[in-house]
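Working notes, beginning with the structure itself.
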């Protein structure tokens, strides 16, 4: 048995060509016969261990009738299973093991993590296993937890920015809005059944759709041995994305403005485009997207100078989100009510400049990739958070993408950046969201027509199209 | 997310966002927190100090002498005074990154009602606007080339410059940080830019219910207290601040009697001390002397309700807590952790009344306070359970297994807060600034482990009383008698 681990465990080290940084600790990997991938990063700086499990699940797998149920499932993970009779006992065991814990649900990943002192490794591994493979979804606990999740929705809906993001998102992902909405809605949460939880479990909580990451004060060989024993009876299932493939998000048909009125004190604006994916034919443009994003967030960049230092905007940011199934490109702006026009005009004027060959200097591009490299060092410094980073990349891009990421970003050129902008941004349809207070809308005429004029969007969108006959049912 | 990301009072659960966007790590983000765990921590890996032969001086004692002291080592921490400035170095062999924090003592003592916000604006402009010899762009490019970060901000008791870099770039990064403190360019354009961002932060407080609740609570419990004049200032004061005010305010801060430097990483203590002497040792000693903050006291419970149409009600109850050097400090942390777990079980698990019940202590100031927090659509039913649990803590012993487990979770949180060099620097500085002795951090785990059930009952009886409760939501749903019953 021991020999098998030694043979099958791989050590993968990402290459950091020309880096001034120390060689990062290796990510040691081991794939179980059932397909479960196990990643270990040893770091003995403090006597802690973090155990994190993630499945490729989340809103990308949710048709409207399931919208929000990956999230409800995440809550049920911390309740009764074949070994633990109920949530009280579950919490008691976590306290006994001195655990910090949490979970999160996103569009492409659901993750669960425990951090505790390293003397509790074996018991915590077992505790994690029981929660993964044998949740009971007890009807009483399910009904109770629905109310807790509704409480979470209440809190989201208490925040103006939730409404802003939600309304913009509905337009950007107009045909399949549920696939980009991890929180879901009250109706589906309240109607959720135990059978639906079991469907999610059977379809996505299978070893060949999951990763287990262990970081901190551990020895990889010990972790691999334990996972072999703990998960040997966990059966693989059919690839969920073959039978239930990801939807194809159709392009935004034409640019449109969405207005959101909330009790806010400043004006928020977002311009959102469909961007590349980590798994499609344009994957190389994801690296230039990130290089650009890093370069222009420096205070000395032309983007910052023209938009923020000029006094036009209070804040400005431009970024692409790493996603397997269409990452959005977002230009986010904040302006004082009296400078909305100035800010938005400056931002729109900046976009074509960003593709010019003299927009960013060689030094700025070098610095951007160096920043990225240092950010990875910052991630490594905190093993408990490194686990989240690794599961994120594993689910949304794959481990190989992550391991070669820095090298690929360093290879990106100005021409690649220009191609990224031309392919996804310049002249492409987008959704412009603006959030203002009712008072601003009335007194300063910050309404849809105003933003359409500012952005040169001529045709008023028909809001009734969204979520209606063309949307997924 | 199984836990809310704000007001994570009881369990210090790691932050995880519901969205997928992976943000670049930003080290100072971990410092901008409100509550117990990341603020009061200890390094479980530090060397025990049981055989210290040279007790290290406290902040108060050191600030009165201009003489340099020879470096004294206590485990992995070395201490020296450089012309009255206190310097602490924690060496971590093999660490890839170095973090430093230059604390400037005084906090709210340095400004008044009319100029609140001045130190915050002065420091942020200093950190971002370049220096007399490097303009803003050159300064930013230099940092970008190094991959280093420098930030600054003001607080109730002390302000700080913070820097983090790769080990080999520390000396240059430290020089840049000191240059920003001593010779900031303060370009008028940057003053306006940072002013707008400070005003924006103030405006955002009114948008986010948690931020608004915290602000209302702060105004309630620190009314007529020096902390009333928050470091961020007000829309009115920040709008009126001039560049000359910033310049003269900064000049007041440049005296060694009010400086504490903490550096954590794989560094040579002697080298750090030499560099500190070279770059800061010429400053005047000044006359800064620590004056204790007055305590807060309440002789009866109150409830303040602010009407806001929301899907749920936001509730925060506060009470004065023990200070950093108080014997009850560790007791309070453990007691509130026990209470936090019980609130979770009774309010959420058993009754599903809320997604976000919690309890804890805010220990990021010399004057601490305990907190009970919840959001609920049925505030009366929820608050009754919360208050009953607080009363139970006064009357019923905590079973030994429960106490042991809760202390373990707390210790895990403490160690997690020490994973990074900046985390260790911040905590060491905090113990020194707020408690007058950095070793309060080192001894904290043992003091927590020594807490008994009897101690928790005593703490609850002594402190959890005369709650000052604020509610943001629907006043019609609040029973004032219930909310002011403890």
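Chains as they are written, first to last, in the working numbering: chain A, 26 to 498; chain B, 756 to 1241.
We treat Cβ as the ideally placed atom computed from N, Cα and C, and that holds for glycine.
Rounded to a whole number of angstroms, what is the C-alpha to C-alpha distance between residue 399 (chain A) and residue 902 (chain B)?
6 Å
What does DSSP give as the partner residue(s) for residue 1066 (chain B) in the beta ladder?
Answer by DSSP bridge pairing: none, since residue 1066 (chain B) is not bridged.
8 Å Cβ shell around residue 451 (chain A) - same chain, five flanking residues per side excluded:
376, 377 and 380
So the candidates are B:973, B:1011 and B:930; which of them puts its Cα closest to the Cα of residue 1124 (chain B)?
B:973
DSSP three-state call for residue 1141 (chain B): helix, strand or coil?
helix
Between residue 222 (chain A) and chain B, is any beta-carbon pair separated by less than 8 Å?
no
Out of curiosity, what's the CA-to-CA distance linking residue 395 (chain A) and residue 133 (chain A)?
28 Å
Name the one or two DSSP bridge partners that residue 917 (chain B) has.
B:856 and B:906
With 8 Å set as the bound, which would you pick, yes or no: does the beta-carbon of residue 955 (chain B) sit closer than that to a beta-carbon of chain A?
yes
Below 8 Å on the Cβ atoms is my guess for residue 1096 (chain B) versus residue 1112 (chain B); work out the distance and round it to an integer in Å.
No, residue 1096 (chain B) and residue 1112 (chain B) are not in contact; Cβ-Cβ is about 10 Å, not under 8 Å.
Figure out for me which residue from A:213, A:321 and A:194 has the closest Cα to the Cα of residue 390 (chain A).
A:321
Given that a residue counts as buried once 16 or more other Cβ atoms are within 10 Å of its Cβ, and exposed if not, what is residue 257 (chain A)?
exposed
Identify whether residue 1205 (chain B) lies in helix, strand or coil by the three-state DSSP scheme.
coil
Got a sec: which bits of the segment 1154 to 1172 of chain B sit with their beta carbon under 9 Å from any beta carbon on chain A, in order along the chain?
1156, 1157, 1159, 1160, 1161, 1162, 1163, 1164, 1165, 1166, 1167, 1168, 1170 and 1171
What does residue 106 (chain A) touch in chain B if you count any residue whose Cβ is under 9 Å from its own?
The contacting residues do not exist; residue 106 (chain A) stays about 15 Å from chain B at best.
Exposed unless 16 or more other CB atoms sit within 10 angstroms - verdict on residue 895 (chain B)
buried
Closest to residue 417 (chain A) by C-alpha separation, out of A:82, A:54 and A:53, would be which residue?
A:82
What three-state label does DSSP hand residue 840 (chain B) in the structure shown?
strand
Are the beta-carbon atoms belonging to residue 233 (chain A) and residue 423 (chain A) less than 8 Å from one another?
no
If the cut is a Cβ gap below 7 Å, which residues of chain B does residue 100 (chain A) touch?
757
Give a yes or no on whether the minimum CB-CB distance between residue 1192 (chain B) and chain A is below 8 Å.
no
Given this structure, state the Cα-to-Cα distance separating residue 914 (chain B) from residue 446 (chain A), to the nearest angstrom.
42 Å
Any contact between the segment 1172 to 1190 of chain B and the segment 131 to 149 of chain A? By contact I mean 3 or more CB pairs, one from each, below 8 Å.
no
Please specify which runs of the alpha helix (DSSP H), each continuous and at least 4 residues long, are wholly inside the segment 962 to 1048 of chain B, giving them in chain order.
964 to 976, 990 to 995, 998 to 1008 and 1024 to 1035
Just the Cα atoms here: how many angstroms apart are residue 944 (chain B) and residue 295 (chain A)?
26 Å
Any contact between the segment 1160 to 1172 of chain B and the segment 116 to 128 of chain A? By contact I mean 3 or more CB pairs, one from each, below 8 Å.
yes
List the residues of chain A that residue 948 (chain B) touches, going by C-beta distances under 8 Å, in chain order.
333, 334 and 336
Which residues bound the alpha helix (DSSP H) around residue 156 (chain A)?
146 to 158
Just to confirm the assignment: which complete alpha helix (DSSP H) runs, minimum length 4, are found wholly within the segment 168 to 208 of chain A?
185 to 197
Would you report the Cα separation of residue 402 (chain A) and residue 219 (chain A), rounded to the nearest angstrom?
43 Å
Taking the alpha helix (DSSP H) that residue 401 (chain A) belongs to, which residues open and close that run?
387 to 406
Does residue 1139 (chain B) have its Cβ less than 8 Å from a Cβ in chain A?
no
Quick check: the Cα distance between residue 1061 (chain B) and residue 976 (chain B), rounded to an integer number of angstroms?
15 Å
Give the single residue among B:1078, B:828, B:1186 and B:898 whose Cα lies nearest to the Cα of residue 564 (chain A).
Given a span of 26 to 498 for chain A in the structure shown, any question on residue 564 (chain A) remains unanswerable.
Compute the distance between the beta-carbons of residue 10 (chain A) and residue 352 (chain A), then report whether it is under 8 Å.
Since the displayed chain A opens at 26 and closes at 498, residue 10 (chain A) lies outside it and no answer follows.
Taking 8 Å as the CB-CB cut-off, is residue 244 (chain A) touching chain B?
no
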